[in-house]
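All remarks here apply to the structure that follows.
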Amino acid sequence: MRDENDAPEDDAKTALASVFSEFGGESLRDVWLFDQSAFEALYIREDVAEKLETVEVARFVDNERYGFVTRDTYDQLYYASYQYTARGFDDFEQFRTFFGENGYRLGVFASFDQRDGGYEFAALNERVEETAARYEFASVTPSE
776 MRDENDAPED DAKTALASVF SEFGGESLRD VWLFDQSAFE ALYIREDVAE
826 KLETVEVARF VDNERYGFVT RDTYDQLYYA SYQYTARGFD DFEQFRTFFG
876 ENGYRLGVFA SFDQRDGGYE FAALNERVEE TAARYEFASV TPSE
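Residues 776 to 919, numbered by the working numbering, are exactly what the sequence shown covers, in order.
Structural data, given as C-alpha cells:
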C-alpha cells in the first residue's frame, strides 16, 4: 500500500521493480536502474547480494552504459529500432533496455536464473516501456 509520504520517484522505481518481479517471480536475481552518471539497485536477491560482495558493481554498471552509445549506433545502422539486449551467462540470463525522452535516458537491467525454454524478453520489454511511459523520467533518476 502506498504511504502518502512516498515520493513520486519511489512510486516509479517500485513500479519498475514490480514489472521484473511479476515477470521473473522467484527467478529474479537483481534489478538495476542507471543513467549516464549514477545507478541504483532496485532489487537484489539475498544469495546474489552475497556474490556481488566480490564484484566491483560500479565497473559492471559502467560497462552497461556503453549501451547508450550502441543503441544509437543500432538505430542508425538498421532499418528497425533497437529494443533490448539479452545475454546468457553460465548460471543466469540478463535483460537490458533503455527508455526516456527529450534527451534524457535511463537504462535498466535485470538478471534471472536460467530455466528451460528461456524467457520471453520481448514481453518484458513491452511491460517496461508501458510502465516507464506512466512516469516523468526526471522522477526516476537513480540515486548513487
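Note that beta-carbon positions come from the ideal geometry of N, C-alpha and C, so glycine has one too.
To which residues does DSSP link R871 through a beta bridge?
Here the question's residue 871 lines up with position 96 in the sequence shown. Paired residues: T860 and F884.
Integer-rounded CB distance, given that G882 should sit under 8 angstroms from E911
As a working mapping, residue 911 is identified with position 136 in the sequence shown. As a working mapping, residue 882 is identified with position 107 in the sequence shown. About 17 angstroms separates the two Cβ atoms, so there is no contact after all.
Beta carbon of F874, beta carbon of S886: below 8 angstroms?
For this step, residue 874 is matched to residue 99 along the sequence shown. For this step, residue 886 is matched to residue 111 along the sequence shown. Contact check for F874 against S886 fails: the beta carbons are separated by 8 angstroms or more.
Who are the Cβ neighbours of T906 in its own chain at under 7 angstroms, not counting the five residues just before and after it?
Mapped onto the sequence shown, residue 906 falls at position 131. Taking T906 as the centre and dropping the five residues before and after it, the same chain places the C-beta of A790, L791 and V794 closer than 7 angstroms to its C-beta, in chain order.
Is K785 helix, strand or coil by DSSP?
Here residue 785 refers to the residue found at position 10 of the sequence shown. Residue identity check: residue 785 is Asp in the sequence provided, not Lys. Helix, per DSSP.
Using the three-state DSSP reduction, which class does R890 fall into: helix, strand or coil?
Here residue 890 corresponds to residue number 115 of the sequence shown, with the count starting at 1. The DSSP-derived three-state label of R890 is coil.
What is the DSSP secondary structure of V903, counted as helix, strand or coil?
Counted from its first residue, the sequence shown places residue 903 at position 128. Looking at V903 - three-state DSSP - the assignment turns out to be helix.
Report the option in D786, E825, V806 and A855 whose CA atom is closest to the CA atom of F884.
Position 109 of the sequence shown, counted from the start, is the residue given in the question as residue 884. Nearest option by C-alpha distance: V806.
Alpha carbon of A813 to alpha carbon of Y849, nearest angstrom:
As a working mapping, residue 813 is identified with position 38 in the sequence shown. As a working mapping, residue 849 is identified with position 74 in the sequence shown. Roughly 24 angstroms between the two C-alpha positions.
For Y922, which beta-bridge partners are listed by DSSP?
Within the shown structure, residues of the chain are numbered from 776 to 919, placing residue 922 beyond reach of any answer.
What separation, rounded to the nearest whole angstrom, lies between the Cα atoms of D888 and F864?
Looking up residue 888 in the sequence shown gives position 113. Looking up residue 864 in the sequence shown gives position 89. Spanning the two alpha carbons is a distance of roughly 10 angstroms.
With a threshold of 16 other CB atoms inside 10 Å of the CB of T872, please say whether the residue is buried or exposed.
For the purposes of this step, residue 872 is taken as residue 97 along the sequence shown, with counting starting at 1. Buried: at least 16 other Cβ atoms inside 10 Å.
Would you mind giving the Cβ-Cβ distance between F896 and Y859, rounded to the nearest angstrom? I have them listed as a contact below 8 angstroms.
Indexing the sequence shown from 1 puts residue 896 at position 121. Indexing the sequence shown from 1 puts residue 859 at position 84. By a beta-carbon distance limit of 8 angstroms, F896 contacts Y859. Their separation comes to about 6 angstroms.
State the start and end residues of the unbroken alpha helix (DSSP H) segment that holds D837.
In the sequence shown, counting from the first residue as 1, residue 837 sits at position 62. For D837, the enclosing alpha helix (DSSP H) starts and ends at V832 to L852.
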